[in-house]
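Chains as they are written, first to last, in the numbering used here: chain Z, 1 to 341; chain Y, 1001 to 1806.
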Amino acid sequence: MNANLEQIKQEIIVGAEELNTSREVYEFKKKFLDGKTGKIGLLMKEMKNIPPEERADYGKGVNELKVWALDFLGELDTKMKAKELQNRYESEKIDISLPAETTTEGNLHPITLIRNHLIDIFAGMGFEIFEGTEIETDYYNFTALNTPQDHPARDMQDTFYLSPEFLLRTQTSAGQIHVMEKQQPPIKILSPGKVFRSDDDATHSPMFTQMEGLVVDKGITLCDLQGMLDEFVKKIYGEDTKTRLRPSYFPFTEPSVEVDCSCFECGGTGCKLCKGTGWIEILGAGVVNNKVLENCGIDSNVYSGFAFGIGIERTAMLKYGINNIKLLFESDLGVLQQLND
Amino acid sequence: MITPLSWLKEYVDIDVTPQELQDKLFSCGFEVEELYELGKDISKVVVGKVLTCEAIPDTHLHVCQVDCGEHGQFQICCGADNVAAGGKFPTALVGATVYATAKDHKTVEGVMTIGKGKLRGYESFGMLCSGVELGVSENMYPGAGYNGLLVLPEDAPVGADVKPILGLDDWIFDIAITANRPDCQSIYGIAREVAAVLEKEIKVPALDYTESGATLDGFTVTVDCPDLCPRYSAHYVTDVKIGESPAWMKRRLALVGIEAISNVVDITNYVLKELGQPMHAFDLSTLEGNAINVRRAKNGEPITTLDGQELTLTDANMVICDGVKPVALAGVMGGLNSEIRETTSSVLFESAKFARDNIRRTSRALGKRSDSSARYEKGVDEYATVMALKRALHLIEELGCGKVGATHADINTGNSVEPRALTVSIDRVNKCLGIQVPDEEILKIMNHLTFAPAIDGDNLTVQVPAYREDIETYQDIAEEVIRLYGYEHVVPAFMPSAQITVGGLNLMQKQELRLKKALCAVGAYECIHYSFFSPSDLDMLKLPEDAMERNAIRLMNPITEELSLMRTTLAASMINAIARNQKRGNLEGRLFEIGNVFIPYELPLTRYPNEKARLCVGVFGDKESFYTMKGIVEKVADTLHVKFTYENTATSYTHPYQTAKILCDGEEIGYFGKLAYDIADELDMRTQAYIMEIDLKTVSKWYGNKPVFKPLPKFPEEQRDLALVVAKEVTCGEIEAVMQAACKYITKITLFDVYEGEQIASDKKSMAFSLVFTPGEEAFAADSVDAFVKKILKQLNKNLGAEIRS
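What follows is the structure, given as structure tokens:
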């Protein structure tokens, strides 16, 4: 009997030599240890044919063989798996210097990026975003903004007319009139949108994007405009940026100012970008002309306000160093792919 | 506004450097766009006296010994015919810069630096210069126009810099004038501002003259259109002697870019530049009927302007007529028939105010511009109208070219040239600015502006000069105060008295941004195209004559025909963008645009049109297909938490069998499809393209949709794969609909394979679906899912003739 067990043991030892994979180890293991069909399993089934006085020894011998086999084959399995893992890794050796595979993601248009940035800044200051219509009437675009028919300021803007009454808005302030007509102060609105002027060269496009802001409330002064502008330029161009107001003219503001910020390229010492002046013109602004408030039914004895307008393309061109405005509207993928945030 | 410093100095004592003046003007609202020294390109040119001058044999050259005083004595070769011993000439030393001229000795070709030279064996250490080489014309310096050396006066100190002698040390300011300050469109107008900012007195130009007593008996001036001509003044001048203007006047005109013509004409131009008032001089001998009449032109009325151009007028134009015929196109140009000639012996001077809008329209409509019309377009005030006539008459006397007659006509619609009083509250001025400007500062500033201020308590009363038509309210006074007090006094504040407002994007704006970001995530780049497009784009899209898109709003004054219609579809711009990319070698890509289309309710417009936001996506390249585009459409639906369905449709610019209508809740919201092959060919496209448009204004009604949370299934889901054989025309959508109707437990149907080929009948196709069954309140019983499948197959067979693939 012991000879039989010993024979099985030798069979396992010899047979194991031939095993090359963990799968073979598994099959080999099954051949001996499967409860129903395995050779050791079958020995257990033989138990009932063993004379009762020999059963204890027989059982012990078979059990010892089983424990030994489990242990022996288990160890073999572990070794085999480790070897296989190693082989698998080695077979998957790669050249890490091969080019990357990327999933392409598109970009928002640079105008949208700048627009979103500005909206974020002003929304935080309590500005609502109002987009008016691109087609406006002469009244809302000019007359209500203190620019009647014979006003010299109409020459400043070459207007596209659709009919004697309707035109393409030359400024987004047209939409702000609609807001002021419907709503009493406090008003804080930001109006981004497309505007149109009959102008076409490297720095002018017949369509461009403006973002105008308007605040109307009690006690608003030129100092508040200066304070808000300081805050704004710091957020967009950096903490050290300074602003400078200088007199200008817009029919809907009085006093009117042109706002320069210290050059973000050279910090104000003078460079190519600021043409040696240390300053860059960024927007126009002013105290809202009372005539505009009165045109909208807002009592100028109680309320006052300020307004400002930023050209988005100019900001984008400065930010990305683009020298021709046309590039922004040509949708050339070679350009669009470069202009991400 | 070109302003020579030397001319400004006639009215103000300027004791600051040109650069300081530039800064001062800048800070008070007058940006100097360009500031340069007249002789900026000329250096190291001194007065040289030719001591000896010997001809070089067989050439036109002379070799000269030139005494340049402190700089030394030099041998210089010279080719000019007027070089002579004893003469004084501008001498460019070695290292000097002067203008290089072409062979004609007239055309300037750039700046050159003088070096040592050798001509015909003779060494030359410098150059004797002509006027052209120094940038000096005959009008700027008498004799400078000679095609040879510029001859300097005998008393010119040898060795001295020639620039002060020739006036090249003058400075030119090119000043930007804002539209509210037409009163500064003149040298004198600028001088008033300079005086204010430098706190100096302004010297008024001489306006006095003596009338001779000569009259034009029975002469009448009438204005039939006072709305277009609020003021018309005329004055009679006799004993006119047409001749040259004095050098000082010619020089000033030359500095501001005006060619001298004759004394009388030069006076009108001089007054225009000096005071900003256009003047006109008629040859009285050509005027018939002893009258001037200002009226609207008759429709079809002809006039020949003094540049010889024949124009046909309409009643939108204004003419100056004598008793019989038009003699000038008012405010724009005189008539050829009444032009000043050498023989002119008596003149009628006109100084008038014409409505700026009328001049502008006439000038644009007839394509006729002049210094006069440019000036009128900006607005002329009556103060200058009166002053200018006096100034012109003074100059007639000063130049001795005529006698001022006694006949004077002045048609005035009642406006005064006297200052008008304005009282404002100082408190309101300060509240507008947000700072307290001391009363004495306000007084000082108002005084420098010659506003004759007086303060009584909170009341500031000023006398606004007639030329300051822009000053009407306390806000205008606030601006005058702060621009001269200085913007650096403004103290930043942050709306301390304002109420809190809640800002940010509204739902529509937020969803639009989410949509844009979702499209970027599928690899699309955002584009922005013009809101206008071309009529030829409508043809490119092959839209039929009655297509809705052809009913587009037209610009009355487009830049070009290409940009003459408001967009009624975004597809054309997108297709053009794709074609442009392909031309530049970008053969694959994804683009999108969100923009408005403009749908008129009627044409011409009588109310706001329907301005609707649309989304347009264009994809192109070999990797794209109808289904990749459909994937983008589904991405839009997912982003907005809506479900789209599709139906076959057709457009004039897409593939007839690869175009789908997009529906949301049964409502049509857009389409997508493959670009038609003939259009792709016409645009030389090299890869296929697909286009999609969705009407966001319609979709926006679902913008409020939120994702709905469904609890995870409590019991395990089961999955079954079904391979079906169906007739080729059966669609995936139909099969899915039947499946869904047959079993309510189906929560997901995925088509994973379509096969047509040898293994099945030629009129059939095989479609393999994966179905997910999700149990409800209790787990599926052992065979229930098999029963569902059986039922589904039965329904598919009954409705669509589908068989299970064996």
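Note that the Cβ used here is the ideal one computed from N, Cα and C, for glycine as well.
Could you check which residue in K1088/Y, G1503/Y and P1278/Y has the C-alpha nearest to that of M125/Z?
-> Residue numbering aside, residue 125/Z sits at position 125 when the first sequence is read from its first letter. It is G1503/Y.
Beta-carbon neighbours of K342/Z, restricted to chain Y and to distances below 9 angstroms | Limits of chain Z in this structure are 1 at one end and 341 at the other, which puts residue 342/Z out of reach.
Give the interface partners of V257/Z over in chain Y, defined as CB-CB distance under 8 angstroms, in chain order.
-> For the purposes of this step, residue 257/Z is identified with residue 257 of the first sequence, where counting begins at 1. Going along chain Y in sequence order, the residues near V257/Z (Cβ under 8 angstroms) are Y1487.
Relative to the alpha-carbon of I1002/Y, which residue among L1253/Y, E1602/Y and C1053/Y has its alpha-carbon at the smallest distance?
-> Mapped onto the second sequence, residue 1002/Y falls at position 2. If we check each option's Cα against that of I1002/Y, L1253/Y comes out closest.
Cα-Cα separation, M1112/Y to T243/Z = Looking up residue 1112/Y in the second sequence gives position 112. Looking up residue 243/Z in the first sequence gives position 243. Take the alpha-carbon of M1112/Y and the one of T243/Z: they are about 42 angstroms apart.
Are there three or more Cβ pairs, one per stretch, closer than 8 angstroms when the stretch 1231-1249 of chain Y is compared with the stretch 1396-1404 of chain Y?
-> With the cut-off at 8 angstroms, the stretch 1231-1249 of chain Y and the stretch 1396-1404 of chain Y touch.
How far does the alpha helix (DSSP H) with C1520/Y in it reach, from first residue to last?
-> Taking the first residue of the second sequence as position 1, residue 1520/Y is located at position 520. Looking at the DSSP string, the run of the alpha helix (DSSP H) that includes C1520/Y is L1507 to A1521.
Measure the Cβ-Cβ separation of K1542/Y and Y1653/Y and say whether it is below 8 angstroms.
-> What you label residue 1542/Y is simply residue 542 of the second sequence in a count that begins at 1. What you label residue 1653/Y is simply residue 653 of the second sequence in a count that begins at 1. Cβ atoms of K1542/Y and Y1653/Y: closer than 8 angstroms.
Exposure label - R1686/Y; buried when at least 16 CB within 10 Å | Position 686 of the second sequence, counted from the first residue, corresponds to residue 1686/Y. Around the beta carbon of R1686/Y, a 10 Å sphere encloses fewer than 16 other beta carbons of the protein chains shown; the residue is thus reported as exposed.
Run through DSSP, which three-state label would N1415/Y get?
-> Here residue 1415/Y refers to the residue found at position 415 of the second sequence. In this structure, N1415/Y counts as coil in the three-state DSSP scheme.
Selection from M1249/Y, L1255/Y and V1256/Y that minimises the alpha carbon distance to A1262/Y = As a first step, residue 1262/Y must be located in the second sequence, where it is residue number 262. Note that residue 1262/Y is Ser in the sequence shown, not Ala. The shortest C-alpha separation from S1262/Y is found at M1249/Y.
Could you give the C-beta distance for V1825/Y and L1800/Y, rounded to a whole number, given that I count them as a contact under 8 angstroms?
-> In this structure chain Y extends from 1001 to 1806, so residue 1825/Y is not present and cannot be described.
Check whether V1204/Y and A1388/Y have beta carbons under 8 angstroms apart | Within the second sequence, the letter at position 204 stands for residue 1204/Y. Within the second sequence, the letter at position 388 stands for residue 1388/Y. Contact: no.
Mind checking whether H1105/Y and N1147/Y have CB atoms under 8 angstroms apart?
-> The residue you call residue 1105/Y lines up with position 105 of the second sequence. The residue you call residue 1147/Y lines up with position 147 of the second sequence. Yes. Within cutoff.
M125/Z - DSSP class collapsed to helix/strand/coil = Residue 125/Z sits at position 125 when you count from the first residue of the first sequence. DSSP places M125/Z in the coil class of the three-state scheme, outside both helix and strand.
How many Å lie between S198/Z and R1360/Y at the Cα?
-> Position 198 of the first sequence, counted from the start, is the residue given in the question as residue 198/Z. Position 360 of the second sequence, counted from the start, is the residue given in the question as residue 1360/Y. A direct Cα-Cα distance of roughly 16 angstroms separates S198/Z from R1360/Y.
Leaving out five residues before and five after V1789/Y in sequence, what residues of the same chain have Cβ atoms less than 6 angstroms from its Cβ?
-> Taking the second sequence and counting its residues from 1, the one referred to as residue 1789/Y is at position 789. Cβ neighbours of V1789/Y beyond the five flanking positions: R1720.
Cβ distance (whole Å) where V1699/Y is taken to contact C1743/Y below 8 angstroms = The residue given as residue 1699/Y occupies position 699 in the second sequence. The residue given as residue 1743/Y occupies position 743 in the second sequence. Not really, about 31 angstroms apart at Cβ, beyond 8 angstroms.
Roughly how many whole angstroms lie between the Cα atoms of S421/Z and D120/Z?
-> Residue coverage of chain Z in this structure runs from 1 to 341, which leaves residue 421/Z outside it and unanswerable.
May I ask you to report which of helix, strand or coil DSSP gives R1468/Y?
-> The sequence position of residue 1468/Y within the second sequence is 468, counting from 1. Taken through DSSP and simplified to helix, strand or coil, R1468/Y comes out as coil.
With which residues is Y1657/Y paired in a DSSP beta bridge?
-> Residue mapping note: residue 1657/Y aligns to position 657 of the second sequence, counting from 1. DSSP output for Y1657/Y lists no bridge partner at all.
Between the CA atoms of G1087/Y and V1098/Y - distance to the nearest angstrom | Sequence index remark: in the second sequence, residue 1098/Y carries index 98 (1-based). Sequence index remark: in the second sequence, residue 1087/Y carries index 87 (1-based). Looking at the backbone, the Cα of V1098/Y and that of G1087/Y are separated by about 20 angstroms.
Taking a Cβ distance cut-off of 7 angstroms, strictly less, list which residues of the stretch 1458-1490 of chain Y are near chain Z, in chain order.
-> Those would be T1473, Q1475, D1476, A1478, E1479, I1482, R1483, Y1487 and V1490, in chain order.
9 angstroms Cβ cut-off: residues of chain B touching R246/Z = Checking the listed chains, one finds no chain B in this structure; the protein chains it contains are Z and Y.
Drop a sphere of 10 angstroms on the beta-carbon of F1022/Y, count the other beta-carbons inside from all chains shown, and report buried for 16 or more, exposed for fewer.
-> The residue you call residue 1022/Y lines up with position 22 of the second sequence. This sequence places Gln at residue 1022/Y; Phe is not what is there. Counting other Cβ atoms within 10 Å of its Cβ, Q1022/Y reaches 16 or more and is therefore classed as buried.
Spatial neighbours of I1267/Y in its chain, beta-carbon cut-off 6 angstroms, leaving aside the 5 residues before and after = Position 267 of the second sequence, counting from 1, holds the residue named residue 1267/Y. Only A1392 and L1395 meet the Cβ criterion.
Taking a cut of 7 angstroms between CB atoms, which residues from the stretch 275-290 of chain Z lie near chain Y?
-> From the stretch 275-290 of chain Z, only V287, N289 and N290 have a Cβ closer than 7 angstroms to chain Y.
Taking only beta-carbon positions, decide if Q171/Z is within less than 8 angstroms of chain Y.
-> The sequence position of residue 171/Z within the first sequence is 171, counting from 1. Look at Q171/Z: its C-beta is not under 8 angstroms from any C-beta on chain Y.
Enumerate, from N- to C-terminal direction, the unbroken alpha helix (DSSP H) stretches of 4 or more residues contained entirely within the stretch 149-183 of chain Z.
-> Within the stretch 149-183 of chain Z, the complete alpha helix (DSSP H) runs of at least 4 residues are 173-182.
Beta-carbon proximity list for L245/Z, same chain, < 7 angstroms, skipping 5 on both sides = Looking up residue 245/Z in the first sequence gives position 245. Within the same chain, L245/Z has close Cβ partners Q226, V257 and V259.
The stretch 1556-1577 of chain Y: positions lying closer than 8 angstroms to chain Z by Cβ | Listed by position along the chain: M1556, N1557, P1558, I1559, L1563, M1566 and A1577.
Alpha-carbon spacing of A1552/Y relative to F142/Z, whole angstroms = Your numbering for residue 1552/Y matches position 552 in the second sequence. Your numbering for residue 142/Z matches position 142 in the first sequence. Going from the Cα of A1552/Y to the Cα of F142/Z covers about 24 angstroms.
Listing by chain order, which chain Z residues have their CB less than 7 angstroms from the CB of G1434/Y?
-> Counted from its first residue, the second sequence places residue 1434/Y at position 434. The answer, in chain order, is T221, L222, C223 and D224.
Report yes if the C-beta distance between L1771/Y and I1735/Y is below 8 angstroms; otherwise report no.
-> Here residue 1771/Y is taken as the residue at index 771 of the second sequence, counted from 1. Here residue 1735/Y is taken as the residue at index 735 of the second sequence, counted from 1. It is not a contact, given that the beta carbons lie outside the stated cut-off.
Does the Cβ-Cβ distance between F1089/Y and L1035/Y come in under 8 angstroms?
-> By one-based count along the second sequence, residue 1089/Y stands at place 89. By one-based count along the second sequence, residue 1035/Y stands at place 35. For F1089/Y and L1035/Y, no; Cβs fall outside 8 angstroms.
Alpha helix (DSSP H) containing Y237/Z: first to last residue?
-> For the purposes of this step, residue 237/Z is identified with residue 237 of the first sequence, where counting begins at 1. Where Y237/Z is concerned, the enclosing alpha helix (DSSP H) stretches over L222 to Y237.
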